[in-house]
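**Q**
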Amino acid sequence: GAPPPAAAAAAAIALSAPVSSFTPASHRGRIPDRAAVLRRDRTAPVYASNIGGLNPFHYSNRLRKSTSNRKIGGFPLFDSSSSDATPSNGGASSLNEGGGGMMEPKVYPQRWVQLAYLSLLALLSDWICFSVAASPSTFEDAYPGHSAAGLIDLFLFTNVASCFLVTDIVNRFGLGLAIKGAAGLMTVGCLFRSGVAFLAPVATAMGLPEAASAASSTAPDGLVPFEAIVVGTVLVGAAQPFFQCTPPFLSATWFGSDERATSTAVALNFNQIGIATAFLVGGSMATSAAGLADYFGVISACCLAVAAGTLLQFQEKPESPPSTSEIEKVLSGHKEPPFLDSVKKFFDTPGFTLPLAAFICSISITNIVGAFIDEVLERGGITDQTSIDIAGAGFELAILLGGIFIGGYVDRTKEYKDITLKCILFTMMVLIPLGLTEHAIGKEPLLLIMALFGLGVAAGPVQPINAELAVDVTYPGDETAVESVQQIGGNLVSALLVPVAEIAAQQDYTLLKGVQGLESDIRGDVVLLVGLAGLTYAYFSGFDAPLRRSEADCGDDGTCEAPQLNVEGKKVLFVEDKEEMTPEMERSLKELMK
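Residues 1 to 594 (the UniProt record's numbering) are what the sequence shown spells out, left to right.
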């Protein structure tokens with residue numbers, strides 16, 4: 001029969017130019033119809049991937065370090081006579097109409113500005129969500145008949161509803177406009193919660209006594225009506241998913257293939273610092289009604305500053321894509337489908353549900369431990385509220401740092417499965433001391449704190465790593481839709497498990513009963529969480545899906561030889577020099593790919 005398209009394309013090039021070798025190695029059955037071209041150094045594969053399908057070319061470059069002089073495979077993507085592409089913003093390294101230009105993977109310093117603002121917005125959103133969690137009695141005294149827990153529930157339910165909308169809004173208006181709009185919405189929500197009385201000292205300092213008087217009059221007793229608190233909470237809850245669901249999209253749009261897991265970990269887990277801030281700042285400020293009013297004012301002032309910076313400095317996208325996989329999307333004219341269509345496609349994609357399960361497991365464990373951290377620490381002998389707040393903040397910080405360091409390792413190695421399994425296994429191990437009491441020893445505060453921080457380091461990275469893994473297996477799917485599904489699943493399962501864990505926490509199970517020196521008891525909520533982690537470990541062990549985006553980008557970061565990418569079994573064509581890839585050869589290959 002006729003040779004497969006990949007073989008035909010490779011043969012077309014082989015017949016047109018001298019080559020050092022042609023290896024028609026057999027495919028392994030996962031990713032058919034691909035040809036690979038190696039540059040003169042023979043270290044960076046360049047794929048003509050999915051020939052006859054979606055992605056036209058797949059070039060490589062290992063030296064993606066700056067915005068200067070990085071060429072994809074050393075030759076133009078298309079010759080100028082056949083390209084109908086238009087220049088990108090500024091015309092930098094783009095496909096030029098009749099100009100013979102090239103599109104290259106580039107990263108820009110602006111990416112750190114983008115990451116900083118998205119992370120700060122995520123921090124603020126969770127700070128607002130849990131702002132009264134550290135001093136619930138103060139809030140309930142200020143607003144009789146209303147509970148702090150009820151306010152948090154209202155926020156979370158609004159958050160889940162908004163997750164269904166964020167993907168389509170981002171696709172329609174773009175990331176830049178969506179984030180700016182959400183930042184503005186969150187700021188308005190903060191102002192509803194605090195009023196503008198906090199601006200009175202600023203107006204006075206500026207010599208505007210009338211403005212200061214007007215600002216103070218909005219809340220004569222310092223606190224706004226409860227109805228304003230509700231409206232503000234709903235607005236902030238609606239804005240938060242724009243900061244929670246977009247980190248993988250931001251990473252794909254701005255960061256290179258060897259930075260994405262790290263950047264996603266920072267943006268996705270920075271909300272944990274918001275929770276820590278709520279306990280540290282709220283616990284010290286919100287000790288009275290007046291203190292609560294000042295506390296809400298501080299939050300609004302911070303939100304105003306970050307939102308203003310976002311409006312001025314947050315950008316839509318870089319001039320040139322940061323990775324080969326993003327270039328493929330541009331060249332193919334890929335358009336994201338509506339959210340519900342994406343969800344259906346994701347669940348039909350082999351391998352998608354496994355990182356979803358790992359993400360849900362991680363967020364459920366960290367949410368439940370965070371929700372009952374007072375009880376966990378008191379059980380271990382830590383009863384001072386300041387110590388509890390500091391330990392809780394340390395737990396949230398450990399989640400962030402674990403994501404950064406372990407995510408960085410995954411960026412370099414693409415060992416999503418191995419690292420996820422190790423993190424889940426270690427999570428199971430450090431969960432046990434949180435609910436275990438050895439009768440012969442008694443309470444062990446030091447062991448408890450070490451286990452708590454270890455849990456943050458182990459469980460926290462599972463979320464960003466598996467957010468990136470889910471994006472990888474569904475490539476070229478919508479990154480925002482992927483994360484929206486994970487956030488919806490994680491928040492819903494957490495909400496369902498919290499009351500179950502609360503009931504289980506009342507149960508104690510004796511271990512090694514009657515064995516002198518070893519008899520101990522373990523609390524039921526810890527048994528529940530260990531069981532959840534164990535089931536997830538067993539399920540995730542079956543992960544065996546192709547890493548489609550990593551395969552597309554392996555030449556960018558030098559990971560093509562990683563065994564989990566399954567690259568070595570593909571057809572390979574070695575081209576000795578970039579000049580050997582002539583415009584005629586490119587046109588022939590392009591025709592074969594139609």
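Virtual Cβ for every residue (Gly too), placed ideally from N, Cα, C.
Leaving aside the five residues before and after G403 along the sequence, list all residues of the same chain whose C-beta is less than 6 Å from its C-beta, in chain order.
**A** A265, N269, G460, P461, P464
**Q** Need the endpoints of the alpha helix (DSSP H) that D258 sits in, please.
**A** Per DSSP, D258 is not a residue of any alpha helix (DSSP H), being assigned neither H nor E.
**Q** Do you know offhand how far G74's Cα is from F347's?
**A** With a pLDDT of 32 at G74, under the threshold of 50, the modelled position of this residue cannot be trusted; read the value that follows with caution. When rounded, the distance between both Cα atoms is 38 Å.
**Q** Do V526 and G435 count as a contact pair if the criterion is CB distance below 8 Å?
**A** yes
**Q** Helix, strand or coil: how does DSSP classify S520 here?
**A** strand
**Q** What residue range does the beta strand (DSSP E) around D556 cover?
**A** Counting along the chain, D556 falls outside any beta strand (DSSP E), though it belongs to the alpha helix (DSSP H) covering 548-557.
**Q** Compute the Euclidean distance between the alpha carbons of N466 and T349, then round it to the nearest angstrom.
**A** 15 Å
**Q** What ranges does the alpha helix (DSSP H) occupy inside the segment 467-497, keeping only unbroken runs of at least 4 residues that lie completely in it?
**A** none
**Q** Where does L436 fall in DSSP's three states?
**A** strand
**Q** Could you work out which residue in R412, L469, V376, A451 is closest to Q506 when comparing CA atoms only?
**A** Per the Cα distances, V376.
**Q** If I'm right that P433 touches L446 with Cβ under 8 Å, what's the distance once you round it to whole angstroms?
**A** In fact, because the Cβ distance is near 10 Å, the residues do not count as touching under 8 Å.
**Q** The alpha helix (DSSP H) with T366 in it runs from where to where?
**A** 353-371
**Q** Here's a check: name, in chain order, each residue in its chain whose Cβ is nearer than 6 Å to the Cβ of F395, leaving out the five neighbours to either side.
**A** Around F395: L452, G456.
**Q** Pick from V231, G454, Y295: whose alpha carbon is nearest that of G392?
**A** Nearest C-alpha to G392: G454.
**Q** List, from N- to C-terminal side, the alpha helix (DSSP H) runs of 4 residues or more that fit wholly inside the segment 363-419.
**A** 373-379, 385-413
**Q** Drop a sphere of 10 angstroms on the beta-carbon of R111, count the other beta-carbons inside from all chains shown, and report buried for 16 or more, exposed for fewer.
**A** buried
**Q** Hey, quick one: how far does the alpha helix (DSSP H) through D341 stretch, first residue to last?
**A** 339-347
**Q** Let me know the secondary structure DSSP gives L223 once reduced to three states.
**A** coil
**Q** With Y509 as the anchor, note down where its beta strand (DSSP E) starts and where it stops.
**A** Residues 508-511.
**Q** Does the contact criterion of 3 or more C-beta pairs under 8 Å hold for the segment 349-369 versus the segment 530-539?
**A** yes
**Q** Mind the definition here: the segment 420-431 touches the segment 267-283 only if three or more C-beta pairs lie below 8 Å; say whether that holds.
**A** no
**Q** Where does K106 fall in DSSP's three states?
**A** coil
**Q** Secondary structure at residue 611, three-state DSSP: helix, strand or coil?
**A** The structure shown does not extend to residue 611, since the chain is modelled only from 1 to 594, so the question has no answer here.
**Q** Might you give, ordered along the chain, the residues of its own chain that have their beta carbon closer than 6 Å to the beta carbon of V471, omitting 5 neighbours on each side?
**A** Same-chain partners within the cutoff: P248, E479, V482.
**Q** Use the C-beta contact count for K329: other C-beta atoms within 10 angstroms, 16 or more gives buried, fewer gives exposed.
**A** Taking all protein chains shown into account, K329 has 16 or more neighbouring C-beta atoms within 10 Å of its C-beta and is therefore buried.
**Q** Would you identify the three-state DSSP class for F78, choosing helix, strand or coil?
**A** Annotation note: pLDDT 33 at F78 (below 50); position unreliable, no value reported.
**Q** Whole angstroms are fine: how far does the CA of T383 sit from the CA of F426?
**A** 27 Å
**Q** Between the segment 297-310 and the segment 155-175, are three or more C-beta pairs nearer than 8 Å?
**A** No, because fewer than three Cβ pairs between the segment 297-310 and the segment 155-175 fall closer than 8 Å, the two stretches do not touch.
**Q** Is the beta carbon of A357 sitting closer than 8 Å to the one on F540?
**A** yes
**Q** Ends of the alpha helix (DSSP H) at D294?
**A** For D294, the enclosing alpha helix (DSSP H) starts and ends at 289-313.
**Q** Using the rule of at least 16 other Cβ atoms within 10 Å of the residue's Cβ for burial, across every protein chain shown, is P318 buried or exposed?
**A** buried
**Q** Does the distance from the CB of A562 to the CB of K344 come in under 8 Å?
**A** no
**Q** What number of angstroms, rounded off, separates the C-alpha of F296 from the C-alpha of G237?
**A** The straight-line gap from Cα to Cα measures roughly 16 Å.
**Q** So, are the CB atoms of T324 and A501 less than 8 Å apart?
**A** No Cβ-Cβ contact shorter than 8 Å links T324 with A501.
**Q** Measuring CB to CB, does G282 end up less than 8 Å from V132?
**A** yes
**Q** Can at least three beta-carbon pairs, one atom from the segment 117-131 and one from the segment 335-343, be found at a separation below 8 Å?
**A** The way I'd put it, the segment 117-131 doesn't touch the segment 335-343; fewer than three beta-carbon pairs between them come closer than 8 Å.
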